[in-house]
């Protein structure tokens, strides 16, 4: 595959891609493809085109490529565009060519992964576009990802122009309502976190009211998550935060629809975290049409 | 957990449940929960209630239970209803009790899985209900499941009153358009499958037109999938199929919306396969509210 | 390896082959090959011939090839015949060439797998040949396969001219005596299965007597398994089945020896399922003789 | 399970047992047991008896027990005899009781493993018995085990009264013909091994002739493997070996049948290694008959 | 095990503990413990005491406990102190009791893990103690951990009174010299990170000189790592940093010995990251002495 | 990589290397390298040199090479010396070249493994050198290796000129004090082992006193381990052993420092087993300095 289409290992861990592809194929290929085995001549060669059947933002080419490489290394998968591209209905995503058995056997696993990732990227793009041009605010994902597919979900969010929130429970401090309830108050929680959490992490705290917001500010929190605040509360919250010297980051969360995005950004919010990017995305429609191009018997070598 | 709430191993493989739970936790818990570790006293005990925040059909209790058992066996997870139940907003799903660290650490992984499975069950239930009471036709899933979660997706479909289509490429013969394209015709494909496929399988063939339908019938196919037929084509297709002595099963697929379901069933169709059950389901909203109930220091034993 | 010798991924899942090879090598190579390490110069190059030491049907070339590729990619394994071929004593199976360490280290793992698969294929071939030329009936395997090696066992059965029965518990309905005992009768069991099993599956029921056979026929079963019927019972069973309009498939099982095969087929049976194909097969004898061909020190590049 | 029936972790690694059971169930249970799920009421309770259907030596009880524990921990598996016992046709092996779904779902996986292990133990016992009472010589296995099942195969050999040869390539030095061929002679090979192999290992060398035997003796080998020697060669070989001061161990290998065993032992051989113990064993016949004993609905708790 | 001795899942992931224990045992137990199997009666019961053979800080009790639970659940492992405790030579760590086979088989794996973790905790404690009472500065680990054991290494650092640095490449931004070299300067690197890194992370930058330090401060970095600065440079660096309004965190790294720790802290440094905590720790000495206490034959039940 | 630098699969199992590399990368790369991703242009190409920052013996080149191959196959890693080489400060170990993302992402994992292995090899070399030229005695490792890294530790010991002791509990008989305590005496233990252990193994017994030594000699043990004997005891022990006809191997263990090595060898000891080779080794210092060499945009192909 042309390296220009391949995300770097820093972007998307090849171990994660391989793990997911292995899992998807083990689940679908199981003990072999009985239809292809019984119906299709083993030496048939095929050529096909993956095409967008609706407008979308692309994400996951290297994952689809890896599916076919794992199924049969003789199949070539040649992308025609790169992750992050905006496609119109009918645009060609990639061309595939090789032994028909391999192409047919990998088709559904590749599409399940690709359609899911494009779905996430496409929905993210809509949220990011709703911010308007050159936005100061960020759209981020949450941990409401598909179990087992988090790395791919989060990559797709970035391909759609979004940012990532914390990756997992060990990579950031986020004090939520249940932590506060169990620990006995916002101030105590923030101070404990400050004392013991790694110095590489900011301390973020979710607040449910302006009173909790004041308490968190007083405790010197780095990031405030305004949870399910209405517009008036959000405006007031941002005002109080901006009045502080150390300028904490303002995140809003809960009930963020495409319609509210621009208004929230205009209120001075820095981060809009949207669980729906991943748990509300639907698979977009990508098709594959094949034609026979010959058989090995008729090809040299 | 009360055995009445537990699906049997024949219903849902415990190996699959464990595998998915392991994966979800590895991904989210990673190197530990830095927030809980730094903020919550290690000997705090908590009690909480999982409650439906919108109407839903329940699926996945044993998966959520397994998350907490894996995180900390001292946490008890007690369901109040069983998979398949219809819940109203506010209904209690389960009560959880034990060390606060374990409860907080497992919360998101349990909810991600449970909300996804309930989402699939709820959407399936809507399709099944649209068939009307005591329907003769079935709603089934497809292979458009979440990679790595197929067993759970398919269990959720059944919890919602749906049926399963083939599980994977090795468990049924389904000749699709690309097989026909590569193999050179419906008749040849069906006959080859008949000769070589296991005798435990019916031979299913997707047809794109009434001509292909006739060809498949002539070849003695067992199940016909009418792909993207409009209503008139479907009526005519069913008429031609019902005229045959061996009574093949009639499946329709493609573009099946809630609105069309009853009409399609009335046309005499046996099976409506709906990819959206799994690839179009969104996570439903389930909440967990915790309170502290003491600490180990204050409990005997 | 010449692609003509390689089964397609639809025939034999590359994930299964890799999994088995990984397992076999982990078990045998363990922490390294102490004999080869201490005895053989690390730069020695060797060439060897795998040859049949008795007549056999070949199966498993790609598995043996994969062993050596995993041990040392510089070893070349070149088949001289293809899976399914009938070999006489002395026939060459494959030629191997490369670093002597890699060849010696992989030898036993490759042979263990290849000899087992050839053993299954060879025994299957004997059963299939016993049916006579152009048989209407099939010889099939059962689930009595080697734990962990089912995909390979079943592939070997097909290489020997046999067919596969169901792959696993989730890929077909087969109501056995213990199901009937627990469920309370053949009729109830068949009807329950019909209502709930996927529409892609035929319903098969094992019967122990002609009375059970009548009950299963009345319930509209698709496949009948006559379990341990003697010849007279089999003849009468087939007669009753053939009298039905919907023509169920007739399978016989239990005590099927090479001697009875032709007679059973002549009685009109469709399927003879033979557990011995896999649980009674013995490894056939294949030898490898090596010679030194030089050392890297003496080769350019 | 009564601990008296359980092999210690030193005898049979619980990690190996769990790994094999996991593999066998993943392969057979796959996405669930569609027959049991659709046919058997989920709350049915059953009781059954595993009984020998032919004479055999028992091996593998803890493996069968582990299958059911993994499928459903509510199933109890109670052995009536211990590994190593000689059973007559009809003897009870174990009693099983619990939810019918769990029993039916685990049955085949448990039997496949148990029947294989008993097959190996039974065949080994025949070879050991052929040595006569209180034999000085040993019957041992080889590395010709079932890929992935070596630990179980070797345990079964011991349950049948046999001994183990080396476990894998890293646990002993055994210089075979191909090592000699590549390394340039018996003496060089033995001396190199002596210099570099761990001091915990004896040095064993396979010899193809009396000349090679003399060369190996001169090189001070610890164990001699007489490969495919006829009786006269064996007698002469043993004579030459016994004439040495350091008394190497004498092993014979190749073509060792039940008929030759006593004679070979009488010639003064120490070890008879028999590949057939594992690669030639067939599964013995063990049956399970079930009856319904009630349902959970009718049981308290 | 008494829950007071058990770290919570937020502290130490049970998945990581199980994974490591599984790995250690697979590696050491392999195909069984041939010495114990051949030498020790299978029904012997033993009791033993783990005792410190030198002064140490304890870490890893739950890991050692898990080794024995995995080997034989009938073995009880009862800690007498908790992780983090300072032990003198001769202090009892834990008492073990149960079947001798299980105790002997797990001993080395348990000790390898426990001695390593105590070694890390003990060395960390020495560094922390060198800071003096109630220190404002922190001692932290680095990513120079034992491959595969990072979660355990980092837990041990905390048990010794240290703090953790970032866990892995995805959990924090740390711009090092090679990043600066490839990216073309400190300022560009910091600004790019600020734009794209998750808002939960501080931006840390390693600087090699006071000029780079100024550049990083100007770019608004959150954490400065002074790499291999001598004392004079460190004093001047801290002075410049403290002059900034936003008060970045000051970390020193490279060549930090026990002797320099107090002085560096006195210079106003916040964090001292010490690779030696993990890559320079040696296993401390813990002994196990066993005695026989009977046999199962002589115990009821 | 030049094959001359690659250990053969008999030396170092490629499965072990892959397993460890996979583990190390999964742990460190996790969900991607956030610093490299945000800071470094994705098309930057870099070149760097791995150089020794202190004198050392090299071990682990193929492991480091495998890290980069796994991260990004476009990165080339070219060793300049071979495992076993003695390096001075400043000597070049290897040159690396390719996409900067891959190089930066794999750097720490490769160094952690390489520095550890070189640390073991270097320490071993010091012990071996202390024996003097052409020593008759061996320095060996023990089972006190890093959990999960045993194969690499033991390879590194050999690269440093040492020998391996037994690999694991199943590959040799070593009767230790706890076995003797549980079994009731040295003589009984040795005789039981002789009867039941594989004939490929020598029987080794640890002795704590000259009386136990006499008992072990009388029982005909093959290898004696003198545990924590002082010099006088060692001299007397060797004298008694050399007086026996069958010449057992003499191993000393416990408290073996660099200072005592030559003296112990001079006393006639055969084997000095030193746990510190692996549990006391520290990572040596190897550096990597990178420079940018261009970008893909500017390279053809």
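Residue numbers (the numbering used here), protein chains in the order written: chain A, 1 to 301; chain B, 1001 to 1301; chain C, 2001 to 2301; chain D, 3001 to 3301; chain E, 4001 to 4301; chain F, 5001 to 5301.
C-beta atoms are modelled at their ideal positions from N, C-alpha and C, and glycine is treated no differently.
Cβ separation of residue i and residue j, assumed to be a contact under 8 Å, to the nearest whole Å
i                       : j                       : result
residue 5226 of chain F : residue 5205 of chain F : Wrong, their Cβ atoms sit about 10 Å apart, outside the cutoff.
residue 54 of chain A   : residue 230 of chain A  : 34 Å between Cβ atoms; not a contact.
residue 1193 of chain B : residue 35 of chain A   : 7 Å
Residue j beta carbon less than 8 Å from that of residue i
i                       : j                       : result
residue 5012 of chain F : residue 5139 of chain F : no
residue 5154 of chain F : residue 5141 of chain F : yes
residue 1099 of chain B : residue 1129 of chain B : no
residue 1043 of chain B : residue 1296 of chain B : yes
residue 4291 of chain E : residue 4108 of chain E : no
residue 50 of chain A   : residue 94 of chain A   : yes
residue 3006 of chain D : residue 3063 of chain D : no
residue 5256 of chain F : residue 4039 of chain E : no
8 Å Cβ cutoff, residue i in contact with chain D
i                       : result
residue 5301 of chain F : Below a pLDDT of 50, predicted positions are generally treated as unreliable, and residue 5301 of chain F, at 41, falls in that range; the measurement from the model is reported next regardless. So no, residue 5301 of chain F is outside the interface.
residue 2182 of chain C : yes
residue 4099 of chain E : yes
residue 4032 of chain E : yes
is_contact[residue i, chain E] using C-beta, thresh 8 Å
i                      : result
residue 165 of chain A : yes
Residue i, enclosing beta strand (DSSP E) - first and last residue
i                       : result
residue 5029 of chain F : That residue, residue 5029 of chain F, is in no beta strand (DSSP E); its alpha helix (DSSP H) goes 5014-5029.
residue 2174 of chain C : 2173-2175
residue 1036 of chain B : Residue 1036 of chain B -> not in any beta strand (DSSP E); alpha helix (DSSP H) instead, spanning 1034-1039.
residue 5245 of chain F : That residue, residue 5245 of chain F, is in no beta strand (DSSP E); it is neither H nor E in DSSP.
residue 5077 of chain F : 5076-5079
Residue-chain proximity (residue i, chain A), Cβ-Cβ < 8 Å
i                       : result
residue 1017 of chain B : no
Endpoints, alpha helix (DSSP H) assigned at residue i
i                       : result
residue 3241 of chain D : 3231-3242
residue 290 of chain A  : Unbroken run through residue 290 of chain A is the beta strand (DSSP E), 286-295; no alpha helix (DSSP H).
residue 2957 of chain D : No answer is possible for residue 2957 of chain D: it lies beyond the span of chain D, which begins at 3001 and ends at 3301.
residue 3127 of chain D : 3100-3130
Min CB distance residue i to chain F below 8 Å
i                       : result
residue 151 of chain A  : yes
residue 3278 of chain D : no
8 Å Cβ cutoff, residue i in contact with chain B
i                       : result
residue 4304 of chain E : Residue 4304 of chain E lies beyond the residue range present for chain E, which begins at 4001 and ends at 4301; the question has no answer from this structure.
Between the region 1112-1120 of chain B and the region 1246-1255 of chain B, do three or more beta carbon pairs fall short of 8 Å? no
At a cut of 8 Å, does the region 2016-2030 of chain C reach the region 3183-3196 of chain D through at least three beta carbon pairs? no
Does the contact criterion of 3 or more C-beta pairs under 8 Å hold for the region 1256-1265 of chain B versus the region 1100-1112 of chain B? no
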